[in-house]
Amino acid sequence: MGALRLPALTSIFTSSSSVRSSPAIFPLKHRLRLPLRRPFSAQSTTEKVVAPELGDGKGKVVDKEKDRVITPRSQDFNAWYLDVIANAELADYGPVRGTMVIRPYGYAIWEAIQEYMNVKFKETGHSNMYFPQFIPYSFIEKEASHVEGFSPELALVTVGGGKELEEKLVVRPTSETIVNHMFTQWIHSYRDLPLMINQWANVTRWEMRTKPFIRTLEFLWQEGHTAHATAEEAEEEAMQMIDVYTKFAYEQAAIPVIAGRKSRVETFAGASTTYTIEAMMGDRKALQAGTSHNLGQNFSRAFGTQFTDENGQRQHVWQTSWAISTRFVGGIIMTHGDDAGLLLPPRLAPVQVIIVPIWKKDNEKAGVLTASSSVKETLQAAGIKVKIDDSDQRTPGWKFNYYEMKGVPLRIEIGPRDVSSGTLVISRRDVPGKQGKVFGISMEPSALVAYVKDKLNEVQSSLLERATNFRDSNIMDVSSYDELKDAIAQGKWARGPWSAGDEEESKVKEETGATIRCFPFEQPEGPKKCLMTGNSADEVAIFAKSY
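By our numbering, the letter at position 181 of the sequence shown is numbered 179, and the numbering carries on one by one without gaps.
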């Protein structure tokens, strides 16, 4: 899938003379110059060196931390991604290979996702609760396709309290089994249905090839689980939740996902049908950003989860499960980020506006800071997430670059002249240089709040439009297998009619590295012929390489 293991960073990045060298696990061409803000290191130090001054040969003190290194996206997308995570202080490597520590700024993005989702889950009738992290191994074995699908990824506990356990325990890879065990005890009659719950939890899957946020040994997610009296209700629920995810992607994350149905090969282990939202990243690989599963009666039959219907007959419940995870944070990075670093959609940004006060003389400082504080209070009162950086250890230029790298959507600059004129300067993160900077914006509260909110909405819309144009320009419609192979070879997505079987689908994966991402809900009209077999096809499928 093109992802990385999570070794110590010194084995990825070329060491400076002050860092002990260690064996590199990557070829030399993939090793990077060590940024001065060292990626995923426990501490960041500012190194002072003496550099020759051009012309007179004298030395001067240089603050090397100004020289932040972010590999250009076009040069090495994976290196760029790791640099952004490190420099924007989103995450760090955990001591166990394959794990990560989510730092406050990265976790704040996840909190924004949680905040939105919690409202939507409760609006649709779901309640939050929590299930144990440890699951008896016998539970996993009850559903045959489930254990087959998850066995390679299971983490097992065999010793507890210094003694061998009578039954080994699975560290939660997902919760369908333990949920059904409890549903069996809670559901007795049709009056107990529907039962609709959600939990926010951590999950462990023993991945061999990992990538921060995208695929790690442990990650955070929400998982919803519901039980219904009829197949129709379960299908309606599964479709409702993939629609919730789709709206979140478009309206909050500004990611133009394609919603659809997974192929049988790609369906979740134990599900009858899996629905998905697929997002195109900046390197044109697909990211499965969220899934909703119609489980049918597969788990309820395995666990005996039954209810007495209105006619007094015993029936198995119909179920769904659905989830998104912290991989969505990685999707935001890879969809919107640029060579300057992170670029966050305003609705999910931990800081929507950064205020940078600017002064040169001591007698200017108080007036500038007073005006800056007043602007902050005005914006905060209007519900805008705003921060002031009034530290005098860094220059304004350093702060500009730093908060651009952190992806803050808007920057406000206030200097002595602005204080005198009652105005300020606003710059957009998504429009670099002078083109994105506007002077003379009034500090009058109502006018300022209206302007800032308007600009935040413009940034949000601009990111979605840019991502949509990028996606659409990189999807090729194909009508033959040769055309599909050519599209994938160009790094694009291929969209074409498909009615072939599992064997042909496996052939595509083996020969091109691409998989069926989904059969989109939105389908073209008219007769179609399968690109592989030439037989009649009811649907088009999207093929792409993926994470």
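A virtual CB, placed ideally from N, CA and C, is assigned to each residue, including glycine.
- In the DSSP assignment, M332 falls within the unbroken alpha helix (DSSP H) covering R325 to H334.
- A Cβ-Cβ contact shorter than 8 Å links A247 with I275.
- For A287, the secondary structure class from DSSP, reduced to helix, strand or coil, is strand.
- Rounded to the nearest whole angstrom, the CA to CA distance from A225 to N178 is 9 Å.
- For the beta strand (DSSP E) assignment, the uninterrupted runs of no fewer than 3 residues enclosed by the region 127 to 169 are, from N- to C-terminal side, 132 to 134, 153 to 158 and 161 to 169.
- DSSP, reduced to helix, strand and coil, places F211 outside both helices and strands of the structure shown, so it counts as coil.
- Distance from the Cα of Q183 is smallest, within the candidate group T324, F301, V423 and G532, for F301.
- Residues H314 of the same chain have their beta carbon placed closer than 7 Å to that of R299, with the five preceding and five following residues left out of the count.
- Counting only the Cα atoms, Q378 lies some 45 Å from I133.
- By the criterion of a C-beta distance shorter than 6 Å, I386 is surrounded in its chain by I353, S370 and K374, once the five residues flanking it on both sides are discounted.
- V366 and I356 do touch by the CB rule: their CB atoms are close to 7 Å apart, below 8 Å.
- A residue is called buried when at least 16 other Cβ atoms come within 10 angstroms of its Cβ; S290 meets this threshold and is buried.
- From the listed residues R427, A84, E151 and E503, the smallest Cα separation to M98 is found for A84.
- In this structure, A227 sits away from N292, with a CB-CB distance that is not shorter than 8 Å.
- Between P343 and the set F137, V327 and Y188, the nearest pair of CA atoms involves V327.
- Among the bridge pairs identified by DSSP, C516 is matched with I540.
- The beta carbons of Q197 and Y105 sit no closer together than 8 Å.
- Around the beta carbon of P70, fewer than 16 other beta carbons sit within 10 angstroms, so the residue counts as exposed.
- The three-state reading of DSSP puts T175 in helix, counting H, G and I together.
- When only Cα atoms are considered, A445 and I424 end up about 13 Å apart.
- In this structure, DSSP gives Y79 a helical state, which the three-state scheme calls helix.
- For I353, the enclosing beta strand (DSSP E) starts and ends at V351 to P355.
- Note on A232: 16 or more other CB atoms within 10 angstroms of its CB, so buried under the neighbour-count rule.
- DSSP places R415 inside the alpha helix (DSSP H), whose first and last residues are P414 to S419.
- In the three-state reduction of the DSSP assignment, L340 falls in the coil class, being assigned neither a helical nor a strand state.
- Using a 10 angstroms sphere on the CB of L482, the tally of other CB atoms reaches 16 or more, which defines it as buried.
- The alpha-carbon separation between G158 and V169 amounts to approximately 13 Å.
- Under the three-state reduction of DSSP output, M403 falls in the helix class.
- Cβ-Cβ distances below 6 Å link I256 to E276 and P518 in the same chain, with the five nearest sequence neighbours on each side left out; the list follows chain order.
- Apart from the 5 residues on each side of it in sequence, N472 sits with its Cβ closer than 7 Å to the Cβ of M278, R282, K490 and W491 in its chain, given in chain order.
- Contact between L422 and D428 does not hold, since their C-beta atoms are separated by about 19 Å, which reaches or exceeds 8 Å.
- Nearest C-alpha to T303 among L529, D190 and V506: D190.
- Out of V436, D337 and K140, the CA that lies nearest to the CA of T175 is found in K140.
- Under the rule that a run must span 3 or more residues, the beta strand (DSSP E) segments found entirely inside the region 243 to 268 read 256 to 259.
- Membership of S389 in any alpha helix (DSSP H) is not indicated, and neither H nor E is assigned to it by DSSP.
- Going by beta carbons, W316 and Q295 fall inside the 8 Å limit.
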